[in-house]
Each structure stands twice: as structure tokens, then as C-alpha cells.
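Novice:
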Amino acid sequence: MKLKYKGQHLYKERGVIHENGKYTCLRCSNTSVSMFYSYKDLRGACTYCLKCIALGRSDSLTPLFYEDTKRYKDNIEFKLNFELNKEQQHASDMIVSAIQNNHDLLLYAVTGAGKTEITFQGIEYARNNGLNVAFVSPRVDVVREIYLRLIDAFVTARIDLLYADEKIETDYVFTVCTVHQLYNFIEHFDVIIVDEVDAFPLARDKILENQIRRALTKTGSCILLTATPNRALLRGFKNTETVTIKRRYHGQKLTMPEVIFRDIEKTFKKKKLDKTLKDYIDKSIEENRKVLIFVPEIRMLEPFMEVLKVNYSKIDSVYSGDPLRKQKVEQMRNDTLDILVTTTILERGVTFKYLDVYVVHAEYFDSASLMQIAGRAGRKIVDPVGNVYLFAKHNTLSLLKTKQTVRMFNKGEV
Ligand SMILES: [Zn+2]
Numbered sequence: 001m002k003l004k005y006k007g008q009h010l011y012k013e014r015g016v017i018h019e020n021g022k023y024t025c026l027r028c029s030n031t032s033v034s035m036f037y038s039y040k041d042l043r044g045a046c047t048y049c050l051k052c053i054a055l056g057r058s059d060s061l062t063p064l065f066y067e068d069t070k071r072y073k074d075n076i077e078f079k080l081n082f083e084l085n086k087e088q089q090h091a092s093d094m095i096v097s098a099i100q101n102n103h104d105l106l107l108y109a110v111t112g113a114g115k116t117e118i119t120f121q122g123i124e125y126a127r128n129n130g131l132n133v134a135f136v137s138p139r140v141d142v143v144r145e146i147y148l149r150l151i152d153a154f155v156t157a158r159i160d161l162l163y164a165d166e167k168i169e170t171d172y173v174f175t176v177c178t179v180h181q182l183y184n185f186i187e188h189f190d191v192i193i194v195d196e197v198d199a200f201p202l203a204r205d206k207i208l209e210n211q212i213r214r215a216l217t218k219t220g221s222c223i224l225l226t227a228t229p230n231r232a233l234l235r236g237f238k239n240t241e242t243v244t245i246k247r248r249y250h251g252q253k254l255t256m257p258e259v260i261f262r263d264i265e266k267t268f269k270k271k272k273l274d275k276t277l278k279d280y281i282d283k284s285i286e287e288n289r290k291v292l293i294f295v296p297e298i299r300m301l302e303p304f305m306e307v308l309k310v311n312y313s314k315i316d317s318v319y320s321g322d323p324l325r326k327q328k329v330e331q332m333r334n335d336t337l338d339i340l341v342t343t344t345i346l347e348r349g350v351t352f353k354y355l356d357v358y359v360v361h362a363e364y365f366d367s368a369s370l371m372q373i374a375g376r377a378g379r380k381i382v383d384p385v386g387n388v389y390l391f392a393k394h395n396t397l398s399l400l401k402t403k404q405t406v407r408m409f410n411k412g413e414v
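Going by UniProt numbering, the sequence shown opens with residue 1, and the numbers climb by one from there.
1) List the residues that DSSP assigns as beta-bridge partners of Ser38.
2) State the DSSP-derived secondary structure class of Thr178, mapped to helix, strand or coil.
3) Going by the beta-carbon positions, is the gap between Cys177 and Val136 smaller than 8 Å?
4) Rounded to the nearest angstrom, what separates Thr47 and His18 at their Cα positions?
5) If you follow the beta strand (DSSP E) that Lys4 is part of, which residue opens it and which one closes it?
6) Cα-Cα, which of Ile159, Ser92 and Ser317 is closest to Lys115?
7) Can you grab the Cα-Cα spacing for the pair Tyr364 / Asp322, in whole Å?
8) Report the three-state DSSP secondary structure of Asp366 (helix, strand or coil).
9) Nearer than 7 Å: is that true of the beta carbon of Ser60 relative to any heavy atom of ligand 1?
10) Please state whether DSSP places Lys270 in a helix, a strand or coil.
11) Please report how far the alpha carbon of Pro296 lies from the alpha carbon of Glu77, in whole angstroms.
12) Helix, strand or coil for Ile168, going by three-state DSSP, please let me know.
13) In the DSSP assignment, find the beta strand (DSSP E) that holds Ser97 and state where it starts and stops.
14) Report the residue from Tyr23, Gln331, Cys52 and Thr344 whose alpha carbon sits nearest the alpha carbon of Arg299.
15) Which partner residues of Thr342 appear in the DSSP bridge assignment?
16) Taking three-plus beta-carbon pairs below 8 Å as touching, is the segment 126-145 in contact with the segment 257-276?
17) Does the distance between the C-beta of Asn30 and the nearest non-hydrogen atom of ligand 1 fall short of 7 Å?
18) Check the Cβ-Cβ distances between Asp141 and every residue of chain B, and say whether any is below 8 Å.
19) Could you check which residue in Ile53, Thr396, Asn102 and Gly220 has the C-alpha nearest to that of Tyr37?
20) To which residues does DSSP link Thr226 through a beta bridge?
21) Just the Cα atoms here: how many angstroms apart are Ala215 and Asn184?
22) Between which two residues does the alpha helix (DSSP H) carrying Lys283 extend?
23) Quick one: using the 10 Å Cβ neighbour count with 16 as the cut-off for buried, is Leu202 buried or exposed?
24) Considering only heavy atoms of ligand 1, does any lie closer than 7 Å to the CB of Lys2?
25) In three-state terms, what does DSSP make of Glu77?
26) Pairing CB atoms from the segment 367-375 with CB atoms from the segment 298-314, are three or more of them under 8 Å?
27) Assuming Asn387 contacts Ala377 under a Cβ cut-off of 8 Å, what Cβ separation, rounded to an integer in Å, is found between them?
28) Considering Cα atoms alone, identify which of Val33, Gly220 and Leu182 is closest to Asn101.
29) I think Asn210 touches Ser29, with their Cβ atoms under 8 Å apart; what is that distance to the nearest whole Å?
30) Apply the 10 Å Cβ neighbour rule to Leu273 and answer buried if 16 or more other Cβ atoms are within range, or exposed otherwise.
31) For Phe154, collect the residues of the same chain with a Cβ closer than 6 Å to its Cβ; drop the 5 residues on either side in sequence, then sort them by chain order.
32) Looking at C-alpha atoms only, which residue of Thr217, Phe189, Cys222 and Asn128 is the closest neighbour of Val197?
33) Closest to Met256 by CA distance: which of Phe65, Lys411 and Ile339 is it?
34) Determine the closest residue to His394 out of His361, Lys403, Gly7 and His103, with distance taken between C-alpha atoms.
35) I'd like to confirm the pairing. Which residues does DSSP put opposite His9 in its beta bridges?
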């Protein structure tokens with residue numbers, strides 16, 4: 001079923017109930033006392049849930065309705081502009097088999113291994129057999145990127161998109177959404193593919209994990225995709241079958257990051273651009289490459305941009321709350337921009353051709369984050385290599401671990 005404010009059937013008299021001295025939200029199962037807000041209006045006392053407020057209010061005065069789950073067979077086919085290699089084909093077969101045999105699967109694939117494409121066969125199988133599919137991610141910008149890739153591959157399919165800014169809704173038989181949107185679904189999906197399963201907040205949030213289970217039918221399959229599994233995550237999915245892909249889809253190895261020791265912030269505080277950094281950027285631009293520069297903190301964006309703008313004109317910056325984020329990413333793609341300076345918001349899910357990736361103050365980043373960032377380079381078949389430059393004030397364990405992980409992946413030891 002799918003919960004709605006207005007619908008065919010009454011699900012609960014009220015969204016939030018008060019029992020045995022505690023509140024429970026019947027939409028998202030929240031029981032944490034700090035996640036409810038109470039006030040009085042003309043109708044009397046009202047308490048609403050803060051946890052799922054992004055989906056509209058679930059409160060103690062308003063009923064929740066639902067509509068029945070629709071199920072029907074599609075007749076869809078996906079197209080891919082490259083052929084899966086042996087390793088990818090094996091993973092793809094494992095996903096189909098997990099769906100057929102009603103079990104979960106953890107796909108552990110190096111960034112750029114074509115994780116999304118590997119799920120296409122499974123999605124096609126599910127839809128053509130009348131199984132409802134959701135492709136979810138904890139991150140809004142990843143959701144949009146995935147949606148674009150799916151409509152591109154499944155030309156004849158009707159795909160729903162649910163996330164904060166945008167909604168394209170039909171029957172919810174094939175839905176791309178944020179994990180939060182699953183609060184509205186109960187035993188509705190037969191297959192839920194969770195991308196970036198290691199990303200905030202899924203890895204730490206048991207409630208969200210339960211929410212995925214609640215949205216899934218009792219016999220449904222959960223397909224978990226990750227590029228950077230941590231130990232806690234792997235422990236949590238002990239009984240799940242695992243498949244690993246070590247190579248990127250074009251068969252090229254991961255780029256080994258080059259670490260350069262410089263204190264970039266010190267120079268831009270003096271309103272100067274570090275000479276070494278400038279030489280590297282100049283070289284990238286001379287070679288007609290795009291430059292994506294990561295900074296660890298939003299406060300660094302402005303002073304850093306100030307000195308960069310003295311030297312470069314086709315440049316802009318982007319951060320998580322930036323309303324022009326999508327346009328700026330587009331401007332990088334259509335050559336209006338050469339350089340985009342960003343916080344970690346573009347760490348996942350965004351791809352550019354001919355890209356060199358820079359990190360300044362890489363000493364602030366953890367290894368999982370550096371692996372994701374490094375994985376932005378060399379993601380396109382036309383340009384499978386790409387450079388990764390990590391500018392750091394000093395060496396860190398994370399920097400060492402990042403290089404070690406790349407080495408292990410490239411040797412096939414992971
Ligand atoms: Zn709630």
C-alpha cells in the first residue's frame with residue numbers, strides 16, 4: 001500500500017498516537033521523544049512528527065489514508081551503449097538470481113564499475129514479471145542522476161521520481177526515490193535497490209533500514225550497492241549473499257592519486273594562489289581537461305574562489321544548499337565552466353568527461369570519502385584515466401589507506 005493524505009482507504013485515524021506515555025508516528029515508526037513537536041491551535045493540542053516532516057505532516061489530529069498497491073507486468077527492454085564484461089555479467093546474473101529466489105544481495109563494486117548498469121537486467125526481469133521495483137539512494141543528487149540514467153536506458157518504461165524538489169508519479173511500479181520517501185510505502189515493492197548503501201544516514205540508522213524492510217514485501221529482495229563497505233556495514237549483512245567487482249566497467253584500473261604536500265589555505269588567506277597548485281591547474285586546462293576541486297569546508301569556498309577568480313574566468317563554486325547546483329553541473333558539461341570548486345556534495349553520483357580531480361586540504365578527509373572523490377576521475381569510456389591530485393598539509397593515515405586501497409583494487413586483492 002501507499003500512504004496518502006487523501007486516498008481510497010483509511011489507514012489510521014491519526015498519524016501520531018500517544019500510548020503508554022510515548023508518541024509513535026504511524027507513518028515512519030519514529031518513537032524518539034525529541035523528534036516530536038507539540039503545540040495548540042483551535043482544534044486543541046496537536047503533536048507532529050519531525051522525522052518524516054519532509055514528506056508532509058504526520059500529526060495527532062489528521063488521519064492517514066492509503067491506496068492499494070498496483071501490480072502488473074510490463075514489457076520493457078533496456079539498452080546499454082556498452083557490453084558488460086565477464087565480471088559485470090556475473091554480478092548481473094547474481095542480481096537476477098537473488099530476485100528470482102527472494103533473497104538479498106550485497107554488491108560491492110569499486111567506483112566506476114558500472115554499478116547502476118549492472119542492475120538493469122534485474123530490473124527488466126522484475127518489471128516483466130510484474131514485480132514492483134524501487135531504486136533508492138540516501139542522497140538527493142544521486143537520485144536525480146540515477147533517474148536520468150534509468151529513463152535513458154529504459155526508454156519505454158514509465159518511471160516515477162520522488163524526491164523533495166520534484167515528483168513524477170504514475171503507479172509506483174518502477175520508482176526512483178530517496179530512502180525517506182519509502183516511509184509512505186508498506187509491503188509495496190518486491191525489489192528495492194539501495195545505492196550508496198554506505199552513505200549517510202543509512203549505515204548508522206537502524207530505523208531507516210527497518211523502513212526499507214517495511215516498504216519491501218515479505219518475500220522481496222533487497223539489492224545493496226556499495227563502493228566503500230565498512231566493517232560495520234558488512235557485519236550488518238552477514239546473511240546476505242555478496243558479489244564483488246574489482247574492475248571499473250571499461251576495464252581500466254583506478255587512478256592512483258598523486259599526493260602533493262602544500263598548505264593551500266595559508267596562501268589563499270594571503271590572497272595568493274599557491275604556485276604549485278596553479279601549475280597543476282594550468283596544465284589540466286591546457287590539456288582541455290575539466291577541473292573539479294574539492295574543499296573540506298564550506299567556509300573555505302569564498303576566500304579560495306576569490307584568489308582563483310583572479311587567475312581563471314570560467315570558474316564557479318557549488319555547495320549543498322546552492323539553489324543553482326544543477327545548473328552549475330550542467331555548465332561544466334557544456335563547457336561554460338572549466339573549473340568547479342565544491343564541497344563534498346559532488347563526491348558521489350556526478351560524472352564528467354575529461355575530468356581531473358583535485359582535493360585541497362586532503363588531510364581533513366577520511367579514506368571512504370577520498371575513494372569516492374578519486375572515483376570521479378576516469379569514469380567515461382572516452383577518457384578512462386583522469387588524474388587525481390590530493391593536496392595535503394601533511395600526511396595522514398587516511399591518505400595512506402586510500403593509496404593502499406587503490407593499489408589493492410588494481411591488483412585484484414580486494
Ligand atoms: Zn513520522
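C-beta atoms are modelled at their ideal positions from N, C-alpha and C, and glycine is treated no differently. These figures come from a predicted structure and were not determined experimentally.
Specialist: Considering the structure as presented:
1) Thr47
2) The three-state secondary structure of Thr178, taken from DSSP, is strand.
3) yes
4) 9 Å
5) Lys2 to Lys4
6) Ser92
7) 22 Å
8) Three-state result, Asp366: coil.
9) no
10) coil
11) 42 Å
12) strand
13) Careful: Ser97 lies outside any beta strand (DSSP E), inside the alpha helix (DSSP H) at Lys86 to Gln100.
14) Thr344
15) DSSP lists Phe294 and Val318 as partners of Thr342.
16) no
17) With a threshold of 7 Å, the Cβ atom of Asn30 counts as near ligand 1, since some heavy atom of the ligand is closer than that.
18) Reference to chain B is not applicable here, since this structure consists of a single protein chain.
19) Comparing Cα positions, the closest option is Ile53.
20) Tyr108
21) Ala215 and Asn184: Cα-Cα distance of roughly 8 Å.
22) Lys275 to Glu286
23) With a pLDDT of 49 at Leu202, under the threshold of 50, the predicted position of this residue should be treated as unreliable, though the coordinate-derived value follows. By the neighbour-count rule (16 or more Cβ atoms within 10 Å), Leu202 is buried.
24) no
25) coil
26) no
27) 6 Å
28) Gly220
29) 7 Å
30) buried
31) Ile76 and Phe78, listed in sequence order.
32) Cys222
33) Among Phe65, Lys411 and Ile339, the Cα nearest to that of Met256 is on Lys411.
34) His361
35) The secondary-structure analysis by DSSP pairs His9 across a beta bridge with Tyr66.
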